[in-house]
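Only one structure is covered here, and it is reproduced in the block below.
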Amino acid sequence: MINLTVDGIEVKLPEGSTVMQACESVNAEIPIFCFHERLSIAGNCRMCLVEIAGSPKPIASCAFPIAEGMEVITTSKKVKDAREGVMEFLLINHPLDCPICDQGGECDLQDQALYYGRGMSRYSEDKRAVDDKPFGPLIKTAMTRCIHCTRCVRFMDEVAGVHELGAIGRGEDMEIISVAESGLGGELSGNIIDLCPVGALTSAPYAFTARPWELKHTNSIDVLDAIGSSIRIDSKDEKVMRILPRLNEEVNEEWLGDKSRFACDGLANQRLDSPYRKNSKGKLEKCNWDEAFDTIFKKITKFKNNEIAALAIGNSCIESMVTLKDLMSGLNVSNLDSRSELSSLPIKASERCGWLFNPKISGIEKFDSLTIIGSNPRYEAPILESRIRKAWLNSDMSIGRIGGDCMLSYPLIELGSKTSIFDDLLNNSHSYNKVLEASSRPGFIIGEGVINRKDGYGIIGKIRKIAEKYNAFNEEWNGLGFLHTSAGTVGALEVGFVPGNKGKNTTEIINSAHKGKIKFVWLLNTDDCDLDAFSNSFIVYQGHHGDKAAEIADVILPGRAYTEKEATYVNTEGRVQRTQQAVQSPGDSKEDWKIVRAFSSILGKPLPYNNISELRNRIEKINPYLTVENYVINGCLSNIGDPDLKISNHDINPLDINYYMTCPISRFSETMAKCSMQSKKNGKKN
Amino acid sequence: MSIRRPAPDLIQPKTFKFSTINLIQIEKILKKYPHDKKSSAVLPLLDLAQRQNDNWLPLAAIKIVANTLEMPMVKVLEVSTFYNMYNLSPVGKNLLQVCTTTPCWLRGSDEIYEACKEKLGIDFGGTTKDKDFTLIEVECLGACSNAPIVQINDDYYEDLDEISITSIIDKLKKNIQPQTGPQSERTGSEPLNTKRR
Ligand code: SF4
Ligand code: FES
Ligand code: FES
C-alpha cells in the first residue's frame, strides 16, 4: 500500500496504481480523451495533466504511477492552464463544425472544451484537413475531426483482434487509416463509434436522423443472439433510432455486436400490422382479430389432439411460450417443441446442465484451457468471442478447436473435425491430452454443430466423460458451456416448451407433417425449420415480421418485437432478463401472450390469468426464479448425453450462418444486407 | 518536412524478396530478441529492406517484413511512416538531408539550403533528372554542436558553409568520396578556437 495525498486528502492505494486512480478515489475530476478503462494506456492526448508538488512540469495522470508521499494537486492555476493549453492545441486542427456533426450533444470534446477550455480561440491560421476513410457501411468518418486519441486503433487491436486500423505519419500529419479496402472487418467494429470521443467516427445508418436530446432512452435487453447483451434503446416518435450497449460486467461488459446494434432498422420493414387469413382463392387477406380467431377456432376444433402441433424455434419470450403451452395442454396436445431439428438437448429440468452455458460468460476468464467443439463463437456470439480473446490475452490459455475453419481472434490448436477424436481423448492417445492434463480449469464450448446432429447425444456424452476425466464436471467446476444461437432456446427449455407425454419432438413433427399426419401447426416466431413439411397442414403463424413462415401461413397473428414489449428471456448461461417496451407496436399487433390468452377465451377454455402479474404468478409456479430479474439459473450435475451411443463419422461442423442475417429482424434490415455484401467481398473466412 | 505516405501505386513494385545475404542477416538480428518478441526487430529489418531496394521502402517490402516478424502489416506501416530515415518513395543516389532546426538555422542552414538548391537545381523534396541527388529537409540531426549539418546517405558533413557544401556536391558528382565529418579545422566537437590560443 502506498500513501499519498490528492488535493490534501490522504489516499491509500496498492502499488502500481496510477495517479488518475488516486484522483478518482477522492472524486477529483480529471478530464480525459485517450484513456479508457478497458484499453491499454496510451497517454497521448495529455488532457489528464495534474500537478505533482516538486515536479516542475505537470504529468499525465493516466499513465503515471503513484509513489509514496506524493502530493497530487488537481485544482491549481498550473493545472487549469495546462488543461486550457492542451485543449487549445487540440482545437487548432479541429474543424469546430459542431452544428453539422452527429456527435453534437454527446461529444467529449464539446463538453470538455466548455468546462476546461479557454472561452475564445486565438488561432487564425490555416487548419489542416484529412481525407475520410472507407470504414464500411456501419461507420461514417469525418477524419478532420480526429484528435488522435487512438482509442479506435487500440479497441480493434486489443478487444476485437482485427488488426486493420493504424495511425500513420507523425505530428501534424498523423492520420488514422484502415488497410482493409472495403470496410472494417470483425463483428464488433460498431463499438469504435462509442469509443471515439469526438465526431470522427459516427454511426452511418443513424447519420443526421436525431439529436441526442430528442431521444427517449429505454434500458433493455438484446435478443438477436443468445447472449442477451444489455442495451439502451434510443427512440424518437415511436421509432427505434439506434441501439447502444449498456454496461454489464457479467455479460457484455460495455460492448455490443454489430448485428445487435445495427439491425434495428429491420424493425420498421415488413412488419405484420394486422391479422391476415387466407381467402377462398388461397390469398392472404387482411382481417380483424375476431375473424382470424374464428378461422382458427373452426379448424383447431376439427382435428384430433395428436394431429395438432406447436413450435417455438426462435426468439420467443417465456410469457408467450407459457401461454401457448397452457393453451395446448388445455387441448391435450403434447406435440410441442422449441428445439431445432435433430436437436439433442435434454428436456428434463433435472438435466438443465445439458443446455446451460454452465461456466457463465464471465467464467470464461477462469479457463486455463478451452476446447471449442462444433461452434463458431465469432458469428454465433461475438461478445463471447471477445471474452475468450480477453481471457487469452490475460493468461496463457491454450485453445483447441474441433470442427470449423473460420479465423478467430486468438491462436488455435486445430484438432480437425473427425468424431474419432473423442475416443482418442478418452483413451489418452491424442497429443491434446497433455493440454487438458496440464489445465486445472478446462472449459468446453459446445455449439450447435454438436447439438443439432443425430448422434449429438452420443457426442455430448463423450464430451461429458472427457470433462469428468479432467475435473471439469464436478460440484466445484463445471466447464461445459452450451452455446446457443437463438435467444429463446434456454427460456423455452426452462418453461418446458418441449414434447409432453407421448408427444412428438420437432423432428417427429416434421416427419409426420410430411406424411400428412400433422394437420394443424401453430408456429410461434418460428421461421427457421423445414417449413415445406407443413404445406398440407393448416398453419397459424404468430410473429412480428412477414418472413418465410408468414408467406405460407393460413392465419397470421401479428405479435410484437422485443422493442415493443416487456418480456422475459433467458440467455445461454441461464440469466433471466427482461426487455422493456420502448416504442408502440405497429398497427393492430398485440403482445404475444395476450393473443394466445384471447384465443383461449374463444375456445371456451380461458387461461387463468388476466394480466401480466397473474401470468407471472403462473410462471413462478414453473420455476420461481423465472420472474427474478438477473437471476442466473444454475444446473446441478447430471449424466447428460450417452457416451456409449455409437457416433457416426460425419465431420463436426459449426452452423453455417451468415452472422448478419439470422432472424426476421436482421433479415429485413438494410444495414445488415449491406454488411453481408461487404463481408462476402472481404471473404467470409477472414 | 514533407508528409510521409507510401508512394503512389503506379511506382510500387509488385513483389519484394530479401536477398540470401539479407536472409542470413535477418536470422542473426532475430537472435538478439526473445522468440516471442520478434517485432522488436522491425527497425533493423526495415533498414535492411530499404538498403536492398535502392534506399527506399516499397509497400511490398513492408508486407514482407510484417510477415517475417508475424506482425500485422498496418503496424509495420505505422513504423515506416513515423521515422524519417525510411524513404517511402524512390530517392537519388545521394540523399542530401539538410537540417534546418534552430541551432543549424542560427548557424546558417538557410545559406546551405540555398547553395544546394542553386547547385542541383532542385528544391526540397526534389530529385535531379539523372537521379543522382535528392534534397530533403530534416529536423535536428543531433549534432548541433557542429552546426550546420547535412547528412548525405549515412554520413554527416558538419561545420558547413556555402563553399564546403558546394565542393562536397562537386566531388559527389565526380564520384569522389568527400571527407566526412567537420569541414572546419577541428576533428570532433571541441571548441573551434582553442588550438589558436
Ligand atoms: S477516430 Fe476517434 S477514436 Fe480514433 S483516434 Fe481519432 S478521435 Fe480517437
Ligand atoms: S487521458 Fe491521460 S494522456 Fe490522454
Ligand atoms: S539542429 Fe541541426 S543537428 Fe541539431
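For the record, the sequence lines run as chains A and B. When you read off a place in the first sequence, starting at 1, and then add 533, the result is the number in the working numbering. When you read off a place in the second sequence, starting at 1, and then add 146, the result is the number in the working numbering. No residue lacks a Cβ here, since even glycine has one placed at the ideal position from N, Cα and C. Because the structure is a prediction, the values reported are computed rather than measured.
Query	Result
Distance between A:A914 and A:D791 (C-alpha atoms, nearest Å)	11 Å
Backbone secondary structure at A:Y649 - three-state DSSP	helix
Span of the alpha helix (DSSP H) around A:R1149	I1145 to I1155
A:G576 Cβ short of 7 Å to ligand 2 heavy atom set	yes
Closer than 8 Å at the beta carbon, the chain A residues around B:E224	G699, A700 and I701
Rounded C-alpha distance that separates A:I754 from A:I760	10 Å
Heavy atom of ligand 2 within 7 Å of A:I710 beta-carbon	no
8 Å Cβ cutoff met for A:I935 and A:T904	yes
Chain-ordered residues of the stretch 701-721 of chain A with a beta carbon less than 7 Å from chain B	I701, G702, R703, D706 and V712
Per DSSP, cross-strand counterpart(s) of A:G896	Note: A:G896 sits in no beta bridge, so no partner.
8 Å Cβ cutoff met for A:V605 and A:T538	yes
Buried or exposed by the 16-neighbour rule on C-beta atoms within 10 Å, applied to A:T742	exposed
Exposure of B:P180, with buried meaning 16 or more beta-carbon neighbours within 10 Å	exposed
The stretch 1008-1023 of chain A touching the stretch 976-995 of chain A, judged by at least three CB pairs closer than 8 Å	yes
Chain-ordered residues of the stretch 217-242 of chain B with a beta carbon less than 8 Å from chain A	P218, M219, V220, K221, L223, E224, T227 and F228
Interface partners of B:I149 on chain A, CB under 8 Å	G702 and D706
Alpha-carbon to alpha-carbon, B:P152 and A:D988	55 Å
Rounded C-alpha distance that separates B:R343 from A:P589	Note that B:R343 scores a pLDDT of 45, beneath 50, so its modelled location is shaky and nothing firm can be said.
First and last residue of the uninterrupted beta strand (DSSP E) at B:A195	Counting along the chain, B:A195 falls outside any beta strand (DSSP E), though it belongs to the alpha helix (DSSP H) covering V188 to Q198.
Residues near A:R579 in its chain [Cβ-Cβ closer than 7 Å; skip 5 each side]	A593 and V619
Where the beta strand (DSSP E) containing B:E304 begins and where it ends	D301 to E304
Start and end residues, alpha helix (DSSP H) containing A:R687	R684 to R687
Alpha-carbon spacing of B:L242 relative to B:I282, whole angstroms	6 Å
Local conformation of A:H750 per DSSP, three classes	strand
Proximity test, Cβ basis, 8 Å: A:N1219 and chain B	A caution first: A:N1219 carries a pLDDT of 46, below 50, which makes its placement in the model too unreliable to give a value.
Where B:A206 sits in the DSSP three-state scheme	helix
Below-8 Å beta-carbon distance, A:H696 vs any chain B residue	yes
Delimiting residues of the alpha helix (DSSP H) encompassing A:W888	Neither: A:W888 is in no alpha helix (DSSP H) and is coded neither H nor E.
Proximity to A:F688 [Cα-Cα], best of A:V1109, A:R571, A:E557 and A:V612	A:R571
Stretch pair the stretch 696-706 of chain A + the stretch 637-651 of chain A: three plus CB contacts closer than 8 Å	no
Inter-residue Cα distance where the pair is A:H1078 and B:L215	50 Å
Identity of the residue in A:C820, A:K811, A:E543 and A:A561 nearest A:D1121 by Cα	A:C820
8 Å Cβ cutoff met for B:I258 and B:V237	no
Whole-angstrom distance between A:I709 and A:I1145, CA atom to CA atom	51 Å
Cα-Cα separation between A:G602 and A:P591, rounded to whole angstroms	17 Å
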